[in-house]
Amino acid sequence: MQAASSSRAERDLQVARVGVGVANRPLLIDVSFRLRPGERVAVRGPSGCGKTSLLRAVAGLDDLSRGEVTLGGQSPQQMGWPCWRRQVTYVSQEPVLFAGSIRDNLARPFRYRSAAGAFPKDTARAWLERLGLAQRWSEMDATHLSVGERQRVALVRALVVTPAVVLLDEPTSALDESARQAVEQLVSERCDHDGLAAIVVTHLESQALEWCDTSLDLREHVAREHEHA
Amino acid sequence: MPDHGALSLNGADLAIAAGLVLCAGLVSAALRLHLEAKLAIASIRTVLQLLLVGAVLGWVFRLERAEIVLGVLLIMIALAGRAAVARSSRTFPGVTLRAFLTLLLTGLLTTFSVTAAIIGVEPWYRPQYVIPLAGMVLGNSLTGVSLSLDSLLETLATQRGRVETELALGASRWEAAREPLAAAVRRGLIPIINSMMVVGLVSLPGMMTGQILEGADPVEAVKYQIVVMFMIAAATSLGCMVMGLMVYRRLFNDRHQLRSDLIQDR
Numbered sequence: 000m001q002a003a004s005s006s007r008a009e010r011d012l013q014v015a016r017v018g019v020g021v022a023n024r025p026l027l028i029d030v031s032f033r034l035r036p037g038e039r040v041a042v043r044g045p046s047g048c049g050k051t052s053l054l055r056a057v058a059g060l061d062d063l064s065r066g067e068v069t070l071g072g073q074s075p076q077q078m079g080w081p082c083w084r085r086q087v088t089y090v091s092q093e094p095v096l097f098a099g100s101i102r103d104n105l106a107r108p109f110r111y112r113s114a115a116g117a118f119p120k121d122t123a124r125a126w127l128e129r130l131g132l133a134q135r136w137s138e139m140d141a142t143h144l145s146v147g148e149r150q151r152v153a154l155v156r157a158l159v160v161t162p163a164v165v166l167l168d169e170p171t172s173a174l175d176e177s178a179r180q181a182v183e184q185l186v187s188e189r190c191d192h193d194g195l196a197a198i199v200v201t202h203l204e205s206q207a208l209e210w211c212d213t214s215l216d217l218r219e220h221v222a223r224e225h226e227h228a
Numbered sequence: 000m001p002d003h004g005a006l007s008l009n010g011a012d013l014a015i016a017a018g019l020v021l022c023a024g025l026v027s028a029a030l031r032l033h034l035e036a037k038l039a040i041a042s043i044r045t046v047l048q049l050l051l052v053g054a055v056l057g058w059v060f061r062l063e064r065a066e067i068v069l070g071v072l073l074i075m076i077a078l079a080g081r082a083a084v085a086r087s088s089r090t091f092p093g094v095t096l097r098a099f100l101t102l103l104l105t106g107l108l109t110t111f112s113v114t115a116a117i118i119g120v121e122p123w124y125r126p127q128y129v130i131p132l133a134g135m136v137l138g139n140s141l142t143g144v145s146l147s148l149d150s151l152l153e154t155l156a157t158q159r160g161r162v163e164t165e166l167a168l169g170a171s172r173w174e175a176a177r178e179p180l181a182a183a184v185r186r187g188l189i190p191i192i193n194s195m196m197v198v199g200l201v202s203l204p205g206m207m208t209g210q211i212l213e214g215a216d217p218v219e220a221v222k223y224q225i226v227v228m229f230m231i232a233a234a235t236s237l238g239c240m241v242m243g244l245m246v247y248r249r250l251f252n253d254r255h256q257l258r259s260d261l262i263q264d265r
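Residue numbers (numbering that gives the first Met the number 0), protein chains in the order written: chain A, 0 to 228; chain B, 0 to 265.
Right, here's the structure in full:
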């Protein structure tokens, strides 16, 4: 991995000796890695090995059984949990949309007290357009969208929050080839322009090897990190 | 029998009333509803429980001592707390204690507000007033509390993804819980609001009916009933809100996580 500049190093995500799972049923016992701004790491491993649990724990939705996670040296406790999750944003494999239009869904995070600014409507709409959904912008009841459409809306909803790190749990599992490419391009662009870092759970060999900078293979409770050529 | 005032009932009158239940049992048998056994048990329980309560109340009314009245109230609250929890299809560790504390706080607060400030009962613990009023308050709040508890646990268990999506996007635990909480309180208040809407139109409330059968002036009975309806509405709303807040404090921790693992099916 390349050396990060000092200003960007302030947003390094450090995962240090993290354990996930309950004491008598550990999923992961010692996971450590560092993610610098702009980087993407693929998380791979067999079903049930703890990929989703790792993402949820990094987002602070579940407790760690050991170790710690920091962003720019700050722990979630220091940052405040809602602010942490705005910086380290988790997108579920089965994204939930709220009743209301796509626009309402994208604007929702800006209703919370942790929101720093106003809803960037034009940006959101432009990104949605790139994923082929802008024509349904103000359509009522986004809950009726297909899984693939929900995945794309949920991705844009996470990106407009402008987190430092986005945690994507199989973000393209319900998408066809062209939609998958559009998603990867949009995320890559945010990585290059804003220094967004991404942890991506994926079963796709090409997505891991070609799109991500490194892979984290989870097997038998531990993680092995591989840099890609 | 006297031809005015309160008519006292004898054993034969109660036997005729039992005959009415018997008719219901025969209908059940004819239609094969298989409710005869339940109906019989319910009828026997009604008789035994009410006779027992009559005896206990007679004793408490004669003694008229504060500690005994408070003791009776505590037992009533404990039973109401257990009943409120037992009706919910989901549960979590510590739910009964929270229902008890909720009803203790809101039940006593509303009952004694009415007896002290409105009726002006002397002494403050006079059992003829305090115990029946507390009974009405608790009976109604436990229905509201159990409905809202059921609604809240149902939402948090089945819509965990929705709540966690809010948390994942930077909502505080309060922001993530607010909608399920509001829906739960609304659910708990529906019965009392419905009965306030139709009170007197469809049916006369039990207490008012009792007073009128006793020979009281209907206008006086109505005044009491208004006080009672407002008291019940206040107690039920307070009960639903306090219980909702207690569940919220238990199921959302200070790390703003939803502890859905604590919710169990019954």
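Just so it is clear, CB atoms sit at the ideal spot from N, CA and C, and this is done for glycine as well.
- Here the alpha carbons of Thr213 of chain A and Asp29 of chain A stand approximately 18 Å from one another.
- DSSP places Gly18 of chain A in no alpha helix (DSSP H) but in the uninterrupted beta strand (DSSP E) bounded by 12–21.
- For the C-beta of Leu60 of chain A, the chain B residues within less than 7 Å are, from N- to C-terminus, Glu163, Leu166, Ala167, Gln256.
- In this structure, Leu151 of chain B keeps its C-beta atom at 9 Å or more from the C-beta atom of Pro190 of chain B.
- Within chain A, no C-beta atom comes nearer than 9 Å to that of Glu153 of chain B; the closest sits roughly 17 Å away.
- The C-beta distance from Ala175 of chain B to Glu165 of chain B rounds to 4 Å, short enough to fall under 8 Å.
- About 7 Å separates the CB atoms of Ser52 of chain A and Gly20 of chain A; that is less than 8 Å, so the two are in contact.
- Within the same chain, Thr101, Leu104, Thr105 come within 7 Å of Val241 of chain B by CB-CB distance, once the 5 residues on both sides are set aside.
- Distance between Leu13 of chain B and Phe91 of chain B, taken at the CA atoms: about 43 Å.
- Of all residues in the region 108–128 of chain A, only Pro108, Arg110, Tyr111, Arg112, Ser113, Ala114 place a beta-carbon less than 9 Å from a beta-carbon of chain B.
- Chain A has no Cβ within less than 9 Å of the Cβ of Ser150 of chain B.
- Leu27 of chain A has its alpha-carbon roughly 6 Å from the corresponding atom of Val221 of chain A.
- Under the three-state reduction of DSSP, Gly47 of chain A is assigned to coil, being neither helix nor strand.
- Excluding residues up to 5 positions away in sequence, Leu102, Thr105, Gly106, Ala234, Thr235, Gly238 lie with their Cβ nearer than 7 Å to the Cβ of Ser140 of chain B in the same chain.
- Taking C-beta atoms as the reference points, Arg179 of chain A and Gly44 of chain A fail to come closer than 9 Å.
- Between the region 54–62 of chain A and the region 86–93 of chain A, the count of C-beta pairs closer than 8 Å reaches three or more; the two stretches touch.
- In the displayed model, Pro25 of chain A falls within a strand according to three-state DSSP.
- Distance check between Trp83 of chain A and each of B:Arg31, B:Ala17, B:Gly134, B:Ala170 places B:Ala170 closest, using alpha-carbon atoms only.
- In the three-state scheme derived from DSSP, where H, G and I count as helix and E and B as strand, Thr101 of chain B is classed as helix.
- For the 9 Å CB-CB criterion, Pro204 of chain B and Met228 of chain B form a contact.
- Within the region 96–132 of chain A, the runs of alpha helix (DSSP H) that reach at least 4 residues and sit entirely inside it are, in chain order, 101–106, 120–129.
- In this structure, Gly93 of chain B lies away from Val144 of chain B, with their beta-carbon atoms at least 9 Å apart.
- With 16 or more other Cβ atoms inside 10 Å of its own Cβ, Lys50 of chain A counts as buried.
- In the structure shown, Ala41 of chain A adopts extended strand secondary structure according to DSSP, grouped into three states.
- Taking 9 Å as the CB threshold, Gly243 of chain B stays off the interface with chain A.
- Each residue's CA atom was taken as its position, placing Ala106 of chain A and Ala197 of chain A some 22 Å apart.
- Within the region 171–201 of chain B, contact with chain A at the beta-carbon level (separation under 7 Å) is assigned to Ser171, Glu174.
- With its beta carbon at least 9 Å from every one in chain B, Pro170 of chain A lies outside the interface.
- Membership of Gly66 of chain A in the beta strand (DSSP E) is indicated by the continuous run 65–70.
- Any Cβ of chain B closer than 9 Å to the Cβ of Arg102 of chain A would place that residue at the interface, and such an atom is absent.
- Contact annotation for Arg156 of chain A against chain B: Leu168 [CB-CB distance below 8 Å, chain order].
- Val26 of chain B counts as exposed, since fewer than 16 other C-beta atoms from the protein chains shown sit within 10 angstroms of its C-beta.
- For Thr51 of chain A, no chain B residue has a C-beta closer than 9 Å to its own C-beta; the minimum C-beta separation is roughly 12 Å.
- Within the region 134–221 of chain A, the alpha helix (DSSP H) runs of at least 4 residues that lie entirely inside it are, in chain order, 146–159, 176–193.
- For Val87 of chain A, the enclosing beta strand (DSSP E) stretches over residues 87–90.
- Across the structure, Gly79 of chain A and Leu208 of chain A are spaced so that their CA atoms are roughly 35 Å apart.
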